[in-house]
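First comes the structure, then the notes that go with it.
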Amino acid sequence: METDHHDEQFLPHDVVLEIAARISCPATVVRCAALSKPIRRAVLRRQFLRRLVRRRAIAGAAANNRRRFVPSLLLGVYHRPIRHASADRPLEFSPASASAARVAASLALPVDGEAGDGVFGPYTALSSRRSLVVLRRRRHGGGEITVCNAATGERWVIPPPHAGVAEEQSLVLLDVAHRHGRAGTRSSFSLLAAQLPLTTPTTLTFQVFSSSSGEWGPPVGCAVSRRCELHCPPGTNPVVLRGGGGAAVHWLCATGSGNRVLKLSLRQPKASLMRLPPPCESGVDDVIDTCLALSPATDGRRRSLSVIALRRDGITVWVRAGDGEGRRGGWGWERRHVIREDGVARPVDLGEGWMGRMRRLEWFGEGSGAVLMEGNGGGGGGALVLDMGGMAVKKLGEMIDGRRQHFELYCPYEVDLISYMMFVMNPF
1 METDHHDEQF
11 LPHDVVLEIA
21 ARISCPATVV
31 RCAALSKPIR
41 RAVLRRQFLR
51 RLVRRRAIAG
61 AAANNRRRFV
71 PSLLLGVYHR
81 PIRHASADRP
91 LEFSPASASA
101 ARVAASLALP
111 VDGEAGDGVF
121 GPYTALSSRR
131 SLVVLRRRRH
141 GGGEITVCNA
151 ATGERWVIPP
161 PHAGVAEEQS
171 LVLLDVAHRH
181 GRAGTRSSFS
191 LLAAQLPLTT
201 PTTLTFQVFS
211 SSSGEWGPPV
221 GCAVSRRCEL
231 HCPPGTNPVV
241 LRGGGGAAVH
251 WLCATGSGNR
261 VLKLSLRQPK
271 ASLMRLPPPC
281 ESGVDDVIDT
291 CLALSPATDG
301 RRRSLSVIAL
311 RRDGITVWVR
321 AGDGEGRRGG
331 WGWERRHVIR
341 EDGVARPVDL
351 GEGWMGRMRR
361 LEWFGEGSGA
371 VLMEGNGGGG
381 GGALVLDMGG
391 MAVKKLGEMI
401 DGRRQHFELY
411 CPYEVDLISY
421 MMFVMNPF
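Going by the UniProt record's numbering, 125 is the number at position 125 of the sequence shown; the sequence numbering is gapless.
The structure is reproduced here in structure tokens:
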């Protein structure tokens with residue numbers, strides 16, 4: 001009996017690299033790199049990374065608007081206690097998962113107290129976006145703002161804006177970009193500093209810092225139709241949306257008529273107030289807390305502003321929809337998702353009824369789709385991270401090496417896809 005024997009055929013390495021580059025999806029590139037060490041070495045070369053970045057840049061904003069959540073982009077959480085004796089504790093970092101712990105070990109942040117004891121206070125992480133994190137610390141005679149790329153060690157100590165470094169400022173990262181070359185990775189960004197001073201609560205004042213020029217632009221004041229107060233505690237990331245009219249920043253705010261969304265359009269500076277879904281404006285219908293988020297795009301639509309509402313019996317997600325999404329009669333809110341406790345995978349020791357013990361929504365991660373929630377403590381309380389894409393929840397206590405401590409200030413740290421790809425492959 002004769003048996004046909006066929007030699008196994010393998011694609012040449014250069015063909016595999018060409019396929020990976022044309023697909024330009026970092027997750028696919030990582031899978032290709034897992035095939036062999038020669039491919040991994042080729043993928044990590046600057047020439048290939050520059051080509052991959054160029055292909056992703058060609059896709060432009062449309063690709064960004066259509067992307068879905070990637071949970072692994074959340075490497076972990078920066079946190080610091082601020083109560084009583086713990087107020088001077090340094091900033092700490094806790095990895096989001098066991099796999100992220102190895103990656104997080106290579107992160108680099110400035111060291112607290114490097115200028116001498118008593119001169120500087122500890123760092124507080126205010127916001128983050130695509131591998132960059134904004135830090136603030138107090139010092140004698142004012143404060144200091146620092147932007148870091150913890151993935152590469154890059155650091156910018158930023159001069160204070162016109163209004164100084166104030167606690168009520170909202171600092172928002174804009175236009176974050178990373179360029180990979182022979183000298184390593186170079187990052188660039190713009191930083192928005194905005195506030196509604198107590199003396200003029202109907203004027204939103206802002207400035208924009210450019211890392212390219214190293215300077216702040218002129219201060220700009222935009223009138224707001226009524227008195228309001230920004231809701232921007234440290235760690236919260238206001239939602240930034242881009243469209244045909246340029247970038248717009250969105251904050252939750254409180255007015256005498258209930259909660260609203262304060263929108264700042266940057267191309268032609270203008271501030272306006274937007275209504276929230278009716279249950280979220282005044283806390284009716286058992287709404288406990290709300291936070292702004294981005295909805296994952298579906299069917300080729302752009303990513304949209306959304307509101308996550310924590311209720312006593314679950315979580316509701318509202319999405320801003322308008323003419324661009326097939327809705328007639330202007331813009332409005334559509335209820336897209338209702339999340340119940342029995343639809344979320346949880347650790348065995350979390351216990352039933354955990355969702356009913358949640359009291360606050362701290363932040364939303366626009367890359368990972370993760371939401372940090374805080375509860376009353378005890379079994380199933382404390383701080384939890386909900387993966388909105390995978391419908392799973394984990395205890396933040398497990399991310400803090402099993403210690404049952406409660407920190408008041410949290411800030412997520414997400415990386416961009418290219419940085420994550422390099423993190424994963426460099427150990428090989």
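Note that beta-carbon positions come from the ideal geometry of N, C-alpha and C, so glycine has one too.
Let me check understanding here. Comparing Cα to Cα, which of the options lies closest to residue i?
i, options, result
"Ser257", "Glu366, Met274, Ala125", "Met274"
"Val393", "Ile418, Phe189, Arg340, Arg311", "Arg340"
"Ser368", "Gly332, Tyr413, Trp333, Leu350", "Tyr413"
"Cys280", "Leu264, Arg311, Trp251", "Arg311"
"His178", "Ala150, Leu230, Ala21, Leu266", "Ala150"
"Pro347", "Trp331, Trp333, Gly314, Met391", "Met391"
"Gly389", "Lys395, Leu74, Gln268", "Leu74"
"Ala98", "Leu230, Leu192, Ser72", "Ser72"
"Trp354", "Val43, Asp387, Trp363, Asp313", "Asp313"
"Ser190", "Leu196, Ser213, Leu198", "Ser213"
"Pro219", "His250, Pro233, Leu386, Leu196", "Leu196"
"Val70", "Lys395, Leu409, Asp387", "Asp387"
"Arg80", "Ile418, Leu409, Phe364", "Leu409"
"Ile308", "Val239, Thr199, Gly243", "Val239"
"Arg303", "Gly375, Glu366, Leu174, Ala166", "Glu366"
"Ser419", "Leu49, Leu17, Glu334, Ala248", "Leu49"
"Thr236", "Gly343, Leu35, Pro12, Ala125", "Ala125"
"Trp333", "Phe364, Leu44, Pro278", "Pro278"
"Ala247", "Leu173, Glu215, Val338", "Leu173"
"Ser211", "Ser188, Leu35, Leu198", "Ser188"
"Thr199", "Pro233, Leu192, Glu215, Ala163", "Ala163"
"Glu168", "Leu241, Cys232, Ser128, Lys395", "Cys232"
"Arg51", "Leu17, Phe93, Ala383", "Leu17"
"Val385", "Arg45, Leu44, Ser94, Glu215", "Ser94"
"Trp251", "Glu92, Phe364, Ala370", "Phe364"
Cutting at 8 Å between CB atoms, please list the residues of its own chain near residue i, excluding the five before and the five after it.
i, result
"Gly227", "In the sequence as displayed, the identity of residue 227 is Arg instead of Gly. Closer than 8 Å at the Cβ level, and outside the excluded window around Arg227, lie Pro201, Thr202, Thr255, Gly256."
"Val15", "none"
"Ser306", "Leu292, Ala293, Leu294, Ser295, Val317, Trp318, Val319, Arg320, Arg336"
"Thr146", "Pro110, Tyr123, Val134, Leu135, Arg136, Arg137, Arg155, Trp156, Val157, Ile158"
"Gly356", "Arg312, Asp313, Glu341"
"His13", "Ser36, Pro38, Ile39, Ala42"
Which same chain residues, not among the five before or five after residue i, have their C-beta less than 6 Å away from its C-beta?
i, result
"Ala63", "Summary for Ala63: the model assigns pLDDT 43, below 50, so the residue's position carries little reliability; its value from the coordinates is reported in the next sentence. Excluding positions up to five away in sequence, the list is empty."
"Arg130", "Val176, Asp416"
"Val224", "Thr202, Leu204, Ala271"
"Glu144", "Arg137"
"Ala345", "Ala392"
"Ser282", "Gly258"
"Arg360", "Asp289, Glu374"
"Ile315", "Ile339"
"Ala61", "Residue confidence is low: Ala61 scores 41 on pLDDT, short of 50, so the model does not pin down where it sits. Its coordinate-derived value is still stated next. Result list for Ala61: Arg242, in chain order."
"Val287", "Pro279, Cys280, Ala309, Arg311"
"Lys263", "Ala248, His250, Ser272, Met274"
If I'm right that residue i touches residue j with Cβ under 8 Å, what's the distance once you round it to whole angstroms?
i, j, result
"Thr185", "Ala194", "With a Cβ gap of about 28 Å, Thr185 and Ala194 do not count as contacting."
"Pro160", "Pro122", "Not quite, the Cβ-Cβ distance comes to about 19 Å (not below 8 Å), so this is no contact."
"Gly217", "Val208", "5 Å"
"Ser170", "Leu132", "Wrong, their Cβ atoms sit about 16 Å apart, outside the cutoff."
"Met362", "Leu350", "Looking at the sequence itself, residue 362 is Glu, so the reference to Met does not match. Incorrect: roughly 18 Å between the Cβ atoms, too far for contact."
"Thr28", "Ala21", "Between Ala21 and Thr28 the Cβ distance is about 10 Å, and since that is not below 8 Å, they are no contact."
"Val77", "Ala96", "7 Å"
Who are residue i's beta bridge partners in DSSP?
i, result
"Lys37", "DSSP output for Lys37 lists no bridge partner at all."
"Ser306", "Ala293, Val319"
"Tyr413", "Gly76"
"Cys228", "Thr255"
"Leu204", "Cys222"
"Ser265", "Ala248, Lys270"
"Gly332", "Ala321"
"Leu198", "Its beta-bridge partners do not exist; DSSP assigns none."
"Phe209", "Leu191, Trp216"
"Pro347", "None; Pro347 has no bridge partner."
"Ala392", "Ala345, Asp387"
"Ser94", "Val77"
"His337", "Val317"
Please return the same chain residues whose Cβ sits closer than 7 Å to the Cβ of residue i, not counting the five positions on each side in sequence.
i, result
"Gly245", "Ser265, Arg267"
"Arg260", "Cys228, Cys253, Leu273, Met274, Arg275, Leu276"
"Gly343", "Met391"
*Ordered list of beta strand (DSSP E) runs contained in the region 121-193, each at least 3 residues*: For the region 121-193, whole beta strand (DSSP E) runs of length 3 or above, ordered along the chain, are 124-129, 132-139, 142-149, 154-158, 170-181.
*Within the region 352-389, ranges of the beta strand (DSSP E) (whole runs, at least 3 residues)*: Runs found: 358-364, 370-375, 383-387.
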